[in-house]
Amino acid sequence: DEFKAKQKELEGVASPFLTKGHQKMAHKIQSLQDEIEQDRGRMAKYAARLGKLSKEPLRHPAQFDERADLKSIIKEMQAEIAQRQEVVNRLTDAMSSLSNVNIT
């Protein structure tokens, strides 16, 4: 996405100047983005299961418990994704700031 475009731009222009710190930061950002995508995929499966359960009449207390558990899990995953995205944004901003420093 936006990060990948910026990363390509940085690799092309500033690759001789990228420090190991830049490379580690870029790797960490990519790793976090991969985790976010995996979590979104899992969350979509939970949401689909919750949607299916919500359409069914509740016949057993276990169904009610499962719905509550799924809602809780989805809420936790949303919070984790938001936290990871915030870290990605901060790292991307930091990397951008470092890349704008003139090396003479």
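Each residue of the sequence shown is one higher than the one before, counting from 1424 in the working numbering.
Here a beta-carbon is modelled for each residue, glycine too, at the ideal position from N, C-alpha and C.
Please work out which residues of its chain come closer than 6 Å, Cβ to Cβ, to residue i, disregarding the five sequence neighbours upstream and downstream, and give them in chain order.
| i | result |
| --- | --- |
| threonine 1527 | Note that threonine 1527 has pLDDT 46, beneath the 50 cutoff, so the model's placement of it is unreliable and no number is given. |
| leucine 1514 | Met1448, Ile1452 |
Could you check if residue i is buried or exposed, using at least 16 other CB atoms within 10 Å of its CB as the buried criterion?
| i | result |
| --- | --- |
| histidine 1450 | exposed |
| histidine 1445 | buried |
Closest by CA to residue i, which one among the options?
| i | options | result |
| --- | --- | --- |
| valine 1510 | His1483, Leu1455, Lys1468 | Leu1455 |
| glutamine 1506 | Lys1443, Thr1442, Asp1462 | Asp1462 |
| lysine 1498 | Ala1470, Glu1460, Asp1457 | Ala1470 |
- Query: Taking contact to mean at least 3 C-beta pairs separated by less than 8 Å, is the stretch 1481–1492 in contact with the stretch 1500–1509?
  - Reply: no
- Task: Assess, as a yes-or-no matter, whether the stretch 1514–1521 is touched by the stretch 1478–1490 under the definition of 3 or more beta carbon pairs within less than 8 Å.
- Result: No, the stretch 1478–1490 does not touch the stretch 1514–1521.
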